[in-house]
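1058 is the number of the first residue of the sequence shown in our numbering; add one for each residue after it. Below: one structure, written as structure tokens.
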Amino acid sequence: MLDRLVLKTGEAAHKLEPEHPEVESKLQIARGLLERQQGEQRRNQELASTQAEIARLIEDLELDRAANLLRRAVGRYGDEAFAALLDLHLPHVRTFLALRAPVPHLVDELAHDTFVFAFRHIGEFKPGTSFHAWVRAIAWNLLRAEVQRFAREQA
């Protein structure tokens, strides 16, 4: 709206020329307000950009935390570090399985089997990839194998 005011005031100023000094002063005020508004918009955009960058940094820190725990799990603090990874990822794996398992009693058993498999095969995990996705893929494969086994038994 302020843009239209400046344009209209500007058009009037060009038509009226310097004969009307009050028009020129109002035009200057309107331009100042427009510049202030544009400055605020730039600051808001910069703030939004900064907030997005902070969110990315926090996400990277969380991923770094998981990667550090994983490195410790492979290293000398194996059991303690893997327990921390288990605490971090167990709720997600249980939810993943609970939404897909045909019977509820399979959830805890498959979650347990998922982390046993992950612990035994931790050397196969590729650093730089998502541990969460790797564990979820293990859970999915174990669930699929269990469902197939059950189907064979029923046939």
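Glycine residues also receive a C-beta, built at the ideal position from the N, C-alpha and C atoms. Keep in mind the model is a prediction, meaning the values are calculated, not measured.
Helix, strand or coil at residue i according to DSSP, with G and I counted as helix
i, result
"F1182", "coil"
"A1168", "helix"
"A1140", "helix"
"H1149", "helix"
"H1189", "helix"
"A1105", "helix"
"P1161", "coil"
"A1196", "helix"
"A1212", "coil"
Residue of the options minimising C-alpha distance to residue i
i, options, result
"L1208", "A1155, P1159 and E1103", "A small correction: the amino acid at residue 1208 is Ala; Leu does not occupy that position in the sequence shown. Measuring from the Cα of A1208, the nearest candidate turns out to be P1159."
"S1187", "T1107, H1146 and L1091", "H1146"
"F1174", "L1143, G1185 and P1184", "L1143"
"D1170", "G1185, R1193 and K1183", "R1193"
"A1141", "F1172, L1167, R1113 and A1155", "F1172"
C-alpha gap between residue i and residue j, whole angstroms
i, j, result
"W1191", "F1139", "14 Å"
"A1212", "V1204", "12 Å"
"L1091", "T1107", "24 Å"
"R1157", "A1196", "10 Å"
"I1086", "H1189", "57 Å"
"E1081", "R1088", "10 Å"
"R1206", "P1184", "32 Å"
"L1154", "E1210", "21 Å"
"L1104", "K1083", "31 Å"
"A1109", "R1093", "24 Å"
ask   = Within the chosen definition, does the segment 1161-1175 reach the segment 1200-1211 through at least 3 CB pairs nearer than 8 Å?
value = yes
query = Can we say the segment 1178-1186 touches the segment 1145-1158, given the rule of at least three CB pairs closer than 8 Å?
reply = no
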